[in-house]
Structure formats: structure tokens, C-alpha cells
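To convert a position in the sequence shown, counted from 1, into the working numbering, add 711. Quick reminder that beta carbons are idealized off the backbone N, C-alpha and C, glycines included. All of these numbers come straight from a predicted model, not from anything done at the bench.
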Amino acid sequence: MIVVVKRTDYKRLAIKVGVVLGLAVMFFLYYKHMSGVYSEFGDEAKKVQTEQEILKLKKDKKAQRIEDIIYDEAIVAVNLIGQESVQELQISGDRLLIVANPQVDIEPIMIRYGVLALVKNTKNDIKIAVDLASIVQSRYIDDEE
Numbered sequence: 712m713i714v715v716v717k718r719t720d721y722k723r724l725a726i727k728v729g730v731v732l733g734l735a736v737m738f739f740l741y742y743k744h745m746s747g748v749y750s751e752f753g754d755e756a757k758k759v760q761t762e763q764e765i766l767k768l769k770k771d772k773k774a775q776r777i778e779d780i781i782y783d784e785a786i787v788a789v790n791l792i793g794q795e796s797v798q799e800l801q802i803s804g805d806r807l808l809i810v811a812n813p814q815v816d817i818e819p820i821m822i823r824y825g826v827l828a829l830v831k832n833t834k835n836d837i838k839i840a841v842d843l844a845s846i847v848q849s850r851y852i853d854d855e856e
């Protein structure tokens with residue numbers, strides 16, 4: 712019977728440990744590199760998302776400001792005519808439509824709005840259409856400056 716005694720070969724053991732350590736270092740470096748690439752990709756997506764949110768907020772703020780201007784003009788027009796004389800008030804497109812009693816004095820409306828107000832007299836009522844587009848354009852630009 713032959714008995715073989717194996718001795719530990721330190722060279723082979725050192726090579727195996729070196730290969731395993733080298734492999735671990737390569738995986739670590741690859742992980743660091745790829746996490747940096749993906750974080751840059753995520754940063755661009757977040758930047759685009761924040762820009763979209765900022766644009767949406769600006770758009771909402773602009774819409775709210777325009778709505779406030781329109782409501783202010785409606786209040787002014789009703790106050791000029793007299794609230795008790797107004798039968799109906801409507802905002803249709805870019806026009807403020809007011810239906811009032813036939814005996815109401817429309818001179819204050821004509822002084823304030825001039826050619827922006829169209830007036831139609833009938834037996835039963837007076838219909839006044841005020842162009843809001845020009846008013847909003849002039850007041851919104853003035854308010855921004």
C-alpha cells in the first residue's frame with residue numbers, strides 16, 4: 712500500500728487567494744462605476760421633473776392672476792351699472808356679457824371701456840359685451856413690470 716502525504720503548497724494557495732481578491736476588487740469597482748452612471752441618469756430625470764413642476768406652477772399662477780383680473784373687471788362693471796339693475800352676468804370666451812334693466816345709465820360703462828364695450832338696446836333689456844382679452848392683456852403686462 713502506498714501512502715501519499717500531501718503538503719500544503721503555499722504558492723498555489725497564494726495564487727487562489729490573489730485571484731479571489733482580484734475578482735472581489737473588480738466587482739466592487741464595477742459596482743461603484745455603474746452606481747455613478749445610474750445616479751447621473753436619475754439626476755437628469757429629477758432635473759427634468761423639477762423643471763416641469765416649476766413650469767406647471769408658473770402656468771397655474773398665471774391662470775390664477777388672469778382669473779383674478781377677470782373677476783375684478785366683472786365687479787367693477789357691475790358696480791358701475793348698479794348691482795340692483797343687473798339681471799344676468801356671464802363670462803363667455805373672452806367677453807363679459809351683462810344683461811341689465813332698460814332704464815339703466817350706461818354712460819359710466821362707456822366712459823370706462825370705450826370701444827371695448829358693445830351695447831345693444833332692446834325693449835326689455837340692455838345687453839353689454841365687454842372685451843376681456845384686451846383688458847387682461849393690458850393689465851397682466853402692467854402687473855408683471
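- Within a 10 Å sphere around the beta-carbon of Y851 sit fewer than 16 other beta-carbons, which makes this residue exposed.
- Taking 7 Å as the cut-off, the Cβ atoms of V826 and I817 do not count as close.
- When the beta-carbon positions are compared, S796 and A811 come within less than 7 Å of each other.
- Counting C-beta atoms within 10 angstroms of its own C-beta, L791 has 16 or more neighbours from the protein chains shown and is therefore classed as buried.
- With fewer than 16 neighbouring CB atoms inside 10 Å of its own CB, Y782 falls in the exposed class.
- In the displayed model, R718 falls within coil according to three-state DSSP, outside both helix and strand.
- According to DSSP, K831 shares a beta bridge with K838.
- When secondary structure is reduced to three states using DSSP, V810 falls in the strand class.
- V841 and S750 have their C-alpha atoms some 55 Å from each other.
- Counting along the chain, the unbroken beta strand (DSSP E) around E799 starts and ends at 797-803.
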